[in-house]
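Report on one structure; see the data block that follows.
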Amino acid sequence: GAGVSQSPSNKVTEKGKDVELRCDPISGHTALYWYRQSLGQGLEFLIYFQGNSAPDKSGLPSDRFSAERTGGSVSTLTIQRTQQEDSAVYLCASSLERSYNEQFFGPGTRLTVL
Amino acid sequence: GDSVTQMEGPVTLSEEAFLTINCTYTATGYPSLFWYVQYPGEGLQLLLKATKADDKGSNKGFEATYRKETTSFHLEKGSVQVSDSAVYFCALSGSGNTPLVFGKGTRLSVIA
């Protein structure tokens, strides 16, 4: 079946612009996660959605970052007023509710802020 | 908070050599442990996992045993191939569906 998909695969933007990154999880997966992968910081958790519960936003680095998940499926990560330090690969993952947390990752969106 | 420490790379081995990548963790309770692999130009893939003490995860010739007494989950393979060249990440997760905590990754290069 289809895996986790993300779009766009690459995004180049100018400092100060807003960007939206999209994630389509595996059908039937109730949990959805966003991570960021950068050279200096490795893999960092950003935000986590589980079913209809309030999202865990504890990993968001600033209030310029937000995410929503519509209809328990597709998620959009929004970064407002992008800064150069936001340049990274943004990864989305999804998992079943009870799967010992086996997360399936998408290919990522590479964001470059000029 | 929870954390994962893995050996820094890069690691360069000749084909058919034995591989060990060390991973230790700090966590409350009984986390699940994972190894993920990222091949060049590709996304993260789950390589193997272990959900309780003394479990051994294995896949594609790789193995790792969940050692609670030493809080370790070292990755091993008896004979590496060029196709194993990738970045390997050790990770843990607390109970339930919680975000993964990753080590910084170890880059492995296998030369023919």
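Residue numbers (the working numbering), protein chains in the order written: chain A, 29 to 142; chain B, 833 to 944. For each residue, glycine too, the CB sits at the ideal point set by N, CA and C.
Are any of the Cβ atoms in chain B nearer than 8 Å to that of F77/A? no
Give a yes or no on whether 8 Å exceeds the smallest Cβ distance from G99/A to chain B. no
Buried or exposed: F132/A, going by 16 or more other Cβ atoms within 10 Å of its Cβ? buried
Distance, Cα to Cα, T852/B vs L67/A? Just so you know, the alpha carbons of T852/B and L67/A end up roughly 23 Å apart.
So with Cβ pairs under 8 Å, would you call L865/B a contact of chain D? Absence of chain D from the displayed structure is noted, the protein chains being A and B.
Taking 8 Å as the threshold (beta carbon to beta carbon), is L119/A in contact with chain B? yes
Which complete beta strand (DSSP E) runs does the region 838-897 of chain B hold, if anything under 3 residues is left out? Within the region 838-897 of chain B, the runs of beta strand (DSSP E) that reach at least 3 residues and sit entirely inside it are, in chain order, 843-846, 851-853, 855-858, 864-870, 876-882, 888-891, 894-897.
Against E130/A, what residues of chain B qualify as contacts under a CB-to-CB distance less than 7 Å, listed in chain order? L878, K881
Contiguous beta strand (DSSP E) assignments of at least 3 residues, all confined to the region 40-68 of chain A: 47-52, 59-66
CA-CA distance, A121/A and E901/B? 31 Å
Let me confirm a value: R97/A is counted as buried when at least 16 other C-beta atoms fall within 10 Å, else exposed. Which label applies? By the 10 Å Cβ count, R97/A comes out buried.
Contact set for T140/A: own chain, Cβ-Cβ below 6 Å, skip 5 residues either direction: Excluding residues within five positions, the ones whose Cβ falls inside 6 Å are V40, S115.
Just how far apart, CA to CA, sit S890/B and L879/B? 8 Å
Can you tell which of A944/B, S925/B, L932/B, V933/B has its C-alpha closest to the C-alpha of S911/B? A944/B
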